[in-house]
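Note sheet for the following structure.
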Amino acid sequence: MQIKVNGVAIGIFSGARVKDVLRKYSRSELKLVKKNKKMICDRHGHEVGLDGELSGGEEFVIHECGKPESRS
Amino acid sequence: MRRALTTGPVALRLLLSLSALFALQSCASAPAPLAQAQPQPTESRIVIFHSNDIHGKIDNFAKVAAIVDAERKGGADVFYFCAGDNFTGNPVIDQYDPPGEPILALLNRLGVNLMCPGNHEFDYGLDNLRKFEAEGRFSLISANIEALPGILPLLRPSAVLTTRSGIKIAVFGLIQVEAGNGLPSTHPDKVKGLRFSYPFARAMEMKKLRAGNDVLIGLTHIGYDQDLLLAGMMPELDVIIGGHSHTGVDPAEMANGVLVAQAGSDNRYLGRLELLVRNGRVIKKKGTLIDLKGPMAEAADVKEMIVRFNQNPAFARVIATAPFAIEGNDALGCLMTDAMRWAHGLDIAFQNGGGIRLNRLSEKITLKDVYTLDPFGNQVVEIAMNAEEIRSLIAVSFAKGHDIDLQVSGITYVVRTDSDWHIQEILLRAPDGSPLPEDRIYKVGVSSYVASSYNFVHKDPGRALNAITADALIRFLEGGPDLSVYRGIQRAYQDPPALRTRY
């Protein structure tokens, strides 16, 4: 399935979780999210947990903590 | 519904409690804040707490209990709903004997009223869920699960709760199903005897609940995007309380006039909804998340329960006895990959060296040893691969450190390099030592870590098998395999051999 992270399309196995697609996008970004230095939000601007289960077509954006983009 | 809710004359208490109502603010675009509205005698304030995707993370339940207990003393009608996936994600709790016991005891103590099963509610098996259903002082609801007789006898599509002033709250449940197989994301063997339908069709049938009830709520485990679609299709709903996508929706969002809420995951937040009902309809509604991080009041009795559950005696249980200690990445990796291949019917399985977190398993192997050896909760991912793609995986792994990284079951392999560790060829051999047939497609198992972080060539994107790697090893060891084969075992070779020692 295809998931977008920061606008980049990532191909990932079905049944993947947020942390899997984030790891494939950038392991360093995943580490920052794990350390609560960054947060990952869905296309609506809501924070999602790293174990959240993915469906194809979802989009995520990585933010600095405390600086989420305005919601669509 | 098994939990009787009190009804009766409460006008005086309601009037008293309505003072708190003035703090309520609507997330709807109301012309005047609720705080300025004059409460009418026919109005009632309802507070609904909600959790989802707890995944065995029980530590914050003492804080949750303190919050919920305090609210119940405040005079409002207070309910607590769970939107699925209480199980799986914390080995100490997952391996409790009987499975799920800590979650059951805690949800009962918290006074949970309703729960919709999530896909991980089936992970401990239907016998366990039936026990959970029977002993829980809450109702399980799901409109898109149909159980054969005797499987989940108390499961209902919906339930109606009644406040003390007689307001009727109809709630229906929904569970996520995968587009491919029409099943929730759990191992198919775990849901035999259950039939699942796609959630939206059954949700439309629930519109009938609007008649005769004052409040209509969808308690779902379908993910936030699907909740928004549901809201778009079903304006009859007052509220959707969701789960599955681990989304922290704060404040709850209004979509098509439906308030859509979800409380993150792992017990990091407690969701709190307030509804103001007047003359049989919801006139104000809002939802926020209570962040459970940091110090706050805790219920002492619940804290004691949590301490007790975290000292899970089952964790020290010996699940297998080996004739000798199993030592080193080669032996431990062979054991782990044999388990993965056996548990999931794979042709070949790989285990990366960094995922082997012990150097030695002593003769008496406990559950704790397994989770120390394999602590990451990685899923098993199956990928259909040909021999060339398998070589690509091995090559990528070798390039990480010019050394053997992947342990293997189902084949042996040799990485031949020049003196600068540049790969010259990778020989793949079947278990009998013959060359691995090049014209076949193999069912290859890797961890979700390898599948997502090793950039190798494979046409098939793969699929998670809804099982974690440590569980495969536990099942394998509990099956009593011959562990004597792991003395001095090696299946992955480097030629010429690496000069440095890896462990």
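These protein sequence lines map, in sequence, to chains R and P.
Quick note: the first sequence uses the working numbering, first residue 1, plus one each step.
Quick note: the second sequence uses the working numbering, first residue 73, plus one each step.
In this text, a Cβ means the ideal position worked out from N, Cα and C, and glycines have one as well.
Computed from a prediction, not measured in an experiment: that's the story for all the values here.
Beta carbon of residue i nearer than 7 Å to that of residue j
i, j, result
"Thr484 of chain P", "Arg501 of chain P", "yes"
"Ile10 of chain R", "Leu54 of chain R", "no"
"Val518 of chain P", "Val442 of chain P", "no"
"Asn185 of chain P", "Ala242 of chain P", "no"
"Ala155 of chain P", "Gly314 of chain P", "yes"
"Thr319 of chain P", "Val48 of chain R", "yes"
"Val349 of chain P", "Ile239 of chain P", "yes"
"Arg389 of chain P", "Leu342 of chain P", "no"
"Phe194 of chain P", "Thr258 of chain P", "yes"
"Arg202 of chain P", "Ile213 of chain P", "no"
"Val287 of chain P", "Val379 of chain P", "no"
"His122 of chain P", "Phe153 of chain P", "yes"
"Val522 of chain P", "Asn424 of chain P", "yes"
"Glu370 of chain P", "Lys358 of chain P", "no"
"Val529 of chain P", "Glu435 of chain P", "no"
"Gly128 of chain P", "Cys188 of chain P", "no"
"Glu64 of chain R", "Arg43 of chain R", "no"
"Lys515 of chain P", "Met368 of chain P", "no"
"Val119 of chain P", "Glu143 of chain P", "yes"
"Val567 of chain P", "Ser481 of chain P", "The residue asked about is misnamed: residue 567 of chain P is Asp in this sequence, not Val. Cβ atoms of Asp567 of chain P and Ser481 of chain P: not closer than 7 Å."
"Ser269 of chain P", "Asn216 of chain P", "yes"
"Arg23 of chain R", "Ser524 of chain P", "yes"
Spatial neighbours of residue i in its chain, beta-carbon cut-off 8 Å, leaving aside the 5 residues before and after
i, result
"Ile495 of chain P", "Ala467, Phe470, Ala471, Val487, Arg488 and Thr489"
"Pro533 of chain P", "Ile455"
"Ser101 of chain P", "Per-residue confidence for Ser101 of chain P stands at a pLDDT of 33, beneath the threshold of 50, marking its modelled position as unreliable; the derived number appears in the next sentence. Closer than 8 Å at the Cβ level, and outside the excluded window around Ser101 of chain P, lies no residue."
"Ile513 of chain P", "Ala456, Met457 and Asn458"
"Pro81 of chain P", "Caution is warranted here: a pLDDT of 36 is assigned to Pro81 of chain P, below 50, making its placement in the model unreliable, and the coordinate value is therefore given only provisionally. Same-chain partners within the cutoff: there are none."
Segment limits, alpha helix (DSSP H) that includes residue i
i, result
"Lys400 of chain P", "The amino acid occupying residue 400 of chain P in the given sequence is Gly; Lys does not appear at that position. Its alpha helix (DSSP H) spans residues Gly400 to His416."
"Phe133 of chain P", "Phe133 to Arg144"
"Gly304 of chain P", "Tyr296 to Met305"
Coarse secondary structure for residue i, derived from DSSP in three states
i, result
"Met187 of chain P", "strand"
"Thr444 of chain P", "helix"
"Gly343 of chain P", "strand"
"Val349 of chain P", "strand"
"Phe159 of chain P", "coil"
"Ser101 of chain P", "At Ser101 of chain P the pLDDT is 33, less than 50, meaning the model places this residue with poor confidence and gives no usable figure here."
"Val453 of chain P", "strand"
"Arg574 of chain P", "For Arg574 of chain P, the pLDDT reaches just 43, beneath the cut-off of 50, and the residue's location in the model is therefore unreliable, leaving the point undetermined."
"Leu84 of chain P", "Residue confidence is low: Leu84 of chain P scores 33 on pLDDT, short of 50, so the model does not pin down where it sits. Its coordinate-derived value is still stated next. Correct three-state label for Leu84 of chain P: helix."
"Pro111 of chain P", "For Pro111 of chain P, the predicted structure reports a pLDDT of 48, less than 50, and the residue's modelled location is therefore unreliable. A value from the coordinates is still provided. The answer is coil: DSSP assigns Pro111 of chain P none of H, G, I, E or B."
"Arg181 of chain P", "helix"
"Ser469 of chain P", "helix"
"Phe210 of chain P", "coil"
"Asn200 of chain P", "helix"
"Ser317 of chain P", "coil"
"Arg17 of chain R", "strand"
"Gly505 of chain P", "coil"
"Ser464 of chain P", "helix"
"Ala397 of chain P", "coil"
Residues near residue i by beta carbon distance below 6 Å, same chain, minus five either side
i, result
"Ala392 of chain P", "Ile437 and Leu549"
"Lys279 of chain P", "Glu308"
"Ile126 of chain P", "Asn158 and Asn339"
"Ile546 of chain P", "Val442"
The beta strand (DSSP E) enclosing residue i, as first and last residue numbers
i, result
"Thr541 of chain P", "Looking at the DSSP string, Thr541 of chain P is not in any beta strand (DSSP E); the run it does join, the alpha helix (DSSP H), is Thr541 to Glu550."
"Ala219 of chain P", "Ile217 to Ala219"
"Gln383 of chain P", "Per DSSP, Gln383 of chain P belongs to no beta strand (DSSP E) and is neither H nor E."
"Ala327 of chain P", "Glu325 to Ala327"
"Ser520 of chain P", "Run containing Ser520 of chain P: none in the beta strand (DSSP E); it sits in the alpha helix (DSSP H), Ser520 to Ser525."
"Gln562 of chain P", "Neither: Gln562 of chain P is in no beta strand (DSSP E) and is coded neither H nor E."
"Leu331 of chain P", "Val330 to Gln334"
Same chain only: Cβ atoms within 7 Å of residue i, ignoring 5 sequence neighbours per side
i, result
"Ala303 of chain P", "Leu309, Ile312, Ala327, Asn328, Val330 and Val332"
"Leu300 of chain P", "Ala327 and Val332"
"Leu261 of chain P", "Note on identity: in this sequence residue 261 of chain P is Asp, with Leu being the wrong assignment. Closer than 7 Å at Cβ, skipping near neighbours: no residue."
"Ser116 of chain P", "Leu86, Asp149, Thr235, Ser237, Ile239 and Val349"
"Ala16 of chain R", "Leu54"
"Leu508 of chain P", "Ala459, Ile483, Leu500, Arg501 and Ala502"
**OP:** Using a Cβ-Cβ cut-off of less than 8 Å, list which residues of the segment 305-322 of chain P approach chain R; keep chain order.
**Re:** Residues of the segment 305-322 of chain P that bring their beta carbon within less than 8 Å of a beta carbon in chain R comprise His316, Ser317, His318, Thr319, Gly320, Val321 and Asp322, in sequence order.
Original post:
In the segment 278-301 of chain P, which residues sit with their C-beta less than 9 Å from some C-beta in chain R, listed in chain order?
Top reply: Gly295, Tyr296, Asp297, Gln298 and Leu300
**OP:** For the segment 533-548 of chain P, enumerate the residues whose C-beta is nearer than 7 Å to any C-beta of chain R, in chain order.
**Re:** Pro533, Gly534, Arg535, Ala536 and Asn538
Subject >> Short-range partners of chain R found in the segment 160-184 of chain P, where Cβ spacing is below 7 Å >> reply: Within the segment 160-184 of chain P, the qualifying residues are Gly161.
**OP:** Output, in sequence order along the chain, the residues in the segment 23-40 of chain R whose CB is closer than 8 Å to any CB in chain P.
**Re:** Arg23, Lys24 and Arg27
Subject >> Interfacial residues, the segment 255-268 of chain P to chain R, with Cβ spacing under 9 Å >> reply: Within the segment 255-268 of chain P, the residues whose Cβ lies closer than 9 Å to some Cβ of chain R are Ser257, listed in chain order.
Original post:
What residues from the segment 126-147 of chain P come within 9 Å of chain R, judged by C-beta to C-beta, listed N to C?
Top reply: His127
Subject >> Contact residues within the segment 477-498 of chain P, judged by C-beta distance below 8 Å to chain R >> reply: none
**OP:** Please name the residues in the segment 335-358 of chain P whose beta-carbon is closer than 9 Å to at least one beta-carbon of chain R, in chain order.
**Re:** Gly336, Ser337, Asp338 and Arg340
Subject >> Positions along the segment 495-523 of chain P whose CB lies within less than 9 Å of some CB in chain R >> reply: Per Cβ criterion, the list reads Ser520, Tyr521 and Ala523.
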